[in-house]
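Asker: Just so you know, numbering that gives the first Met the number 0 puts 86 at position 87 of the sequence shown, and the rest follows in order with no gaps.
Don't be surprised by glycine CBs; every beta carbon is placed ideally from N, CA and C.
Since we're looking at a predicted model, the values are computed, not measured.
Before I ask anything, let me first share the structure, which is written out below as structure tokens.
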Amino acid sequence: MSEVGKSAFVTGGASGIGKAVAQMLAGKGVNVFIADYNTTAAETLAAELNNAGKAKAASAHVDVSDWNQLVKAFDQSIAAFGKIDYVYPIAGIGERKWMSNDPSSHGWEAPDLTVVDVDLKAVLNTCSLAVQHFRRQGLNKQGFRGKIFCVSSVCSFYAVPTVPIYTAAKHGVTGFVRSFGAYLPAEGITLNAICPNIVKTGISTSEFYDKCEAENLVIPMQSILDVFDSLLGEDGRSGQIFEVGPRGVRTRDAPEPMDAESARSMEMLKERTKVFCLTT
């Protein structure tokens, strides 16, 4: 079924994976709102998509770690297109020095958790806006109120000792999608995530990517887009984690309970805490 006339909200949509997603969607006739910290790049891409004539595009400067800026941009996207069908919380940053390693220092220094603010908290905030908006709009012809597509990382299930905060943030995204993504379909909402291996974006250096390309480790952007494309329209999958590697794509299931007692404990916990997810 055609995607023409639907609308999407994409954070980090002016570069990397977000830009590729915005271009893919616009090519299908989906209106795209580009929310990005780089105002010039966002405006330039929006102009290019508008000039292509297949869909409408708009943009806004957004620091996704700022709730008020995020809300303002989301409101602008609704005002521009009337409703939002697809939400992509893609904006992200890489690991940075998060605490001092100077053994001669004195006192206590608060850790820099900016990576958590951008790569986890902002994703949760964007998903919250999406779900609230979706719950207020009716089912479309394909039976959905809306869909959310997150970008996590293979660091969310592989241990990478030198990127602990990025890894922690991406573990959070993957855990959130697996859990809440299993709950939302009853409301006509889906939530999934891709976990790319090494893909060429602005998150790392050209020297690093050159080394990876020499060993055929870099994933083509098209591999990521193919997964996103498969989840559009009538596809009803939710709570799924898709690992995208150099040799293909596989679904990553959550670990199995170690025994029957553990399985039962999870069932009881689900029943005990479902009140937190109930709509009023």
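Excluding the 5 residues preceding and the 5 following ASN139 in the sequence, name in chain order all residues of the same chain whose CB lies nearer than 6 Å to its CB.
Answerer: Locating residue 139 in the sequence shown gives position 140, where the first residue counts as 1. Around ASN139: no qualifying Cβ.
Asker: Hey, out of GLY174, ASP209, ALA78, ILE197, whose CA is closest to PRO254's CA?
Answerer: The residue you call residue 254 lines up with position 255 of the sequence shown. Out of GLY174, ASP209, ALA78, ILE197, GLY174 has the C-alpha closest to the C-alpha of PRO254.
Asker: For the segment 187-194 and the segment 237-250, state whether three or more C-beta atom pairs, one from each stretch, are separated by less than 8 Å.
Answerer: yes
Asker: With 16 other CB atoms within 10 Å as the buried threshold, where does GLY145 fall?
Answerer: Taking the first residue of the sequence shown as 1, we reach residue 145 at position 146. By the 10 Å Cβ count, GLY145 comes out buried.
Asker: I need the straight-line Cα distance from LYS283 to ASP84, nearest angstrom please.
Answerer: Because the chain is modelled from 0 through 279, residue 283 falls outside the range shown and cannot be assessed.
Asker: Using 8 Å as the threshold, is the segment 109-128 in touch with the segment 52-65, meaning 3 or more CB pairs across them?
Answerer: yes
Asker: Give me the residue from GLU266, ALA109, TYR165 with the minimum Cα distance to LYS120.
Answerer: Your numbering for residue 120 matches position 121 in the sequence shown. For LYS120, the nearest C-alpha among the options comes from TYR165.
Asker: Leaving aside the five residues before and after LEU216 along the sequence, list all residues of the same chain whose C-beta is less than 6 Å from its C-beta, in chain order.
Answerer: Within the sequence shown, numbered from 1, the residue matching residue 216 stands at position 217. Excluding positions up to five away in sequence, the list reads ILE197, PRO245.
Asker: Touch check for the segment 51-61 and the segment 24-42: three-plus C-beta pairs under 8 Å?
Answerer: yes
Asker: Please identify the residue among VAL86, SER178, VAL150 whose C-alpha is closest to the C-alpha of ALA168.
Answerer: Counting from 1 along the sequence shown, the entry for residue 168 is found at position 169. Taking only the C-alpha atoms, the option nearest ALA168 is VAL150.
Asker: Quick one: using the 10 Å Cβ neighbour count with 16 as the cut-off for buried, is VAL159 buried or exposed?
Answerer: Residue mapping note: residue 159 aligns to position 160 of the sequence shown, counting from 1. It is exposed - the Cβ of VAL159 has fewer than 16 other Cβ atoms within 10 Å.
Asker: Per the DSSP calculation, PRO88 is bridged to which residue(s)?
Answerer: Here residue 88 refers to the residue found at position 89 when the sequence shown is read from its first residue. Paired residues: THR10.
Asker: Do you know how far the Cα of GLY171 is from the Cα of ASP101?
Answerer: Along the sequence shown, one-based indexing puts residue 101 at 102. Along the sequence shown, one-based indexing puts residue 171 at 172. ASP101 and GLY171 have their alpha carbons spaced roughly 29 Å apart.
Asker: Give the single residue among GLU206, LEU48, GLY12, LEU224 whose Cα lies nearest to the Cα of THR38.
Answerer: Working through the sequence shown from its first residue, we reach residue 38 at position 39. The shortest Cα separation from THR38 among GLU206, LEU48, GLY12, LEU224 belongs to GLY12.
Asker: What's the gap between the Cα of LYS71 and the Cα of PRO219?
Answerer: Locating residue 71 in the sequence shown gives position 72, where the first residue counts as 1. Locating residue 219 in the sequence shown gives position 220, where the first residue counts as 1. Distance between the alpha carbons of LYS71 and PRO219 is about 34 Å.
Asker: What would DSSP say about LYS96, mapped onto helix, strand or coil?
Answerer: The count along the sequence shown starts at 1 and reaches residue 96 at position 97. If DSSP states are grouped into helix, strand and coil, LYS96 belongs with coil.
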